[in-house]
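**Q** Residue numbers (the numbering used here), protein chains in the order written: chain A, 989 to 1149; chain B, 1427 to 1601. For glycine and all other residues, C-beta sits at the position ideal for the given N, C-alpha and C.
1) To the nearest whole angstrom, what separates the beta carbons of residue 1066 (chain A) and residue 1075 (chain A), a pair I think is in contact under 8 Å?
2) Would you please verify whether the beta carbon of residue 1132 (chain A) is less than 8 Å from any beta carbon of chain B?
3) Is it true that the stretch 1110 to 1127 of chain A meets the stretch 1074 to 1089 of chain A, where meeting means three or more beta-carbon pairs spaced less than 8 Å apart?
4) Quick one: is residue 1481 (chain B) near chain A, going by C-beta distance under 8 Å?
5) Should residue 1482 (chain B) and residue 1454 (chain B) be called a contact, given that it needs their Cβ atoms to be closer than 8 Å?
6) Note down, in chain order, each residue of its chain lying with its Cβ closer than 7 Å to the Cβ of residue 1034 (chain A), except the 5 sequence neighbours on either side.
7) Is residue 1058 (chain A) helix, strand or coil when you go by DSSP?
8) For residue 1148 (chain A) versus residue 1511 (chain B), is the C-beta distance shorter than 8 Å?
9) If residue 1011 (chain A) and residue 1030 (chain A) are in contact, beta carbons under 8 Å, what's the gap, nearest whole angstrom?
10) Please list, in chain order, all residues of the same chain as residue 1096 (chain A) whose beta carbon is under 6 Å from its beta carbon, the five residues on each side excluded.
11) Strictly under 8 Å for the Cβ-Cβ distance: is residue 1140 (chain A) near chain B by that measure?
12) Which residue wins for smallest C-alpha separation from residue 1025 (chain A), given the options A:1037, A:1140, A:1080?
13) Under 7 Å, CB to CB, which of the residues in the stretch 1488 to 1511 of chain B have a partner in chain A?
14) I'd like to know if the stretch 1493 to 1512 of chain B and the stretch 1525 to 1544 of chain B are in contact, where contact means that at least 3 CB-CB pairs between them fall below 8 Å.
15) Could one say the Cβ of residue 1149 (chain A) lies closer than 8 Å to chain B's Cβ atoms, at least one of them?
16) Terminal residues of the continuous alpha helix (DSSP H) containing residue 1558 (chain B)?
17) Are any of the Cβ atoms in chain A nearer than 8 Å to that of residue 1538 (chain B)?
18) Which residues in chain A sit within 8 Å of residue 1542 (chain B), going by Cβ to Cβ distance?
19) Using the beta-carbon of each residue, which ones in chain A are nearer than 7 Å to residue 1547 (chain B)?
20) With burial defined as no fewer than 16 other Cβ atoms inside 10 Å of the residue's Cβ, what is the status of residue 1488 (chain B): buried or exposed?
21) Output needed in chain order: residues of the stretch 1104 to 1125 of chain A with a Cβ under 7 Å from some Cβ in chain B.
22) Using 10 angstroms around the beta-carbon of residue 1052 (chain A), count the other beta-carbons present and answer buried if the total reaches 16, otherwise exposed.
23) Using the C-alpha atoms, what's the distance from residue 1122 (chain A) back to residue 1060 (chain A)?
24) Between the beta-carbon of residue 1547 (chain B) and the beta-carbon of residue 1448 (chain B), is there less than 8 Å?
25) Considering only their Cβ atoms, is the gap separating residue 1119 (chain A) from residue 1133 (chain A) smaller than 8 Å?
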């Protein structure tokens, strides 16, 4: 494992113990899967730790696995401006579950979470303003879900006149 | 004026309608509805190299109330369609529409839930310009087609200006 990745894992394990579901490195990229209840604590620690200081949330996105259990995933791509280093956090949630919002840690998560909510219908708990980002506000569906047809549901979007 | 030296002294007999249409076709005011990358080619057509001023329509007005030709240049989503229609409705009659580029004609490469598969589903289009994006000279050709329509006095925009009716092919079957 790369030196910085090893330091991240060591620090996280010292602080939180054995909560992590999966820690994996592929070509120098570290991916940590954790239970969704811990996401705020872990991200806060990663941001505020002086040595690591992952102070930039460069992206937050969703995935739809189309499975019964843990259908949706949320992926956090973090960047440390200080160390010029990237890691990735992953959490999973079943349909109808609420995912804690990380807007209290990184302000930029606000719009990213709105986008993820718009496209996948994942509800972010504690988000200050969870509205749709791209689709019209009265739209009923979530287009990037696996069970959504590519050409949309006819009649769901109205044309003028 | 110079005109006298050509026709000599005297008068020309014509119809009022013809002369109004002749004036009108040489001073079209385009409304630049540039929504996506086609807009860059549209800007190009107005810029000195292709120079739409040669056809008397170089003055792009950014308010629909001073325009009589709408150039819809770019991918039109369902969300944007309402805006396009609203701007079109604000233009004074008579008015013409050029649909520019593959996305505007038929959705183009964007065969997805969010893109309108052809703006003629909600706008009366006069001239369709093919291409992805069309070259500026192609747009100038479309403008000349519009000018011909103006001269003929067709202003409702219900008939396609190109030969043959393309509408049946563009309409997408409801799935």
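**A** So, from the data block:
1) 5 Å
2) Closer than 8 Å: no.
3) yes
4) no
5) yes
6) Excluding five sequence positions before and after residue 1034 (chain A), the CB atoms of its chain that fall closer than 7 Å to its own CB belong to 1040, 1042, 1066, given in chain order.
7) coil
8) yes
9) 12 Å between Cβ atoms; not a contact.
10) Leaving aside the five residues that flank residue 1096 (chain A) on each side, the residues in its chain whose CB is nearer than 6 Å to its CB run, in chain order, 1045.
11) yes
12) Answer by Cα proximity: A:1080.
13) Residues 1504, 1505, 1507, 1508, 1511.
14) yes
15) It does; some Cβ of chain B falls within 8 Å.
16) Segment: none, residue 1558 (chain B) is in no alpha helix (DSSP H) and carries neither H nor E.
17) Taking CB atoms only, residue 1538 (chain B) has a neighbour in chain A less than 8 Å away.
18) 1147
19) 1147
20) exposed
21) Residues of the stretch 1104 to 1125 of chain A with a C-beta atom less than 7 Å from some C-beta of chain B are 1124, listed in chain order.
22) buried
23) Rounded to the nearest angstrom, the gap between the Cα atoms of residue 1060 (chain A) and residue 1122 (chain A) is 20 Å.
24) no
25) no
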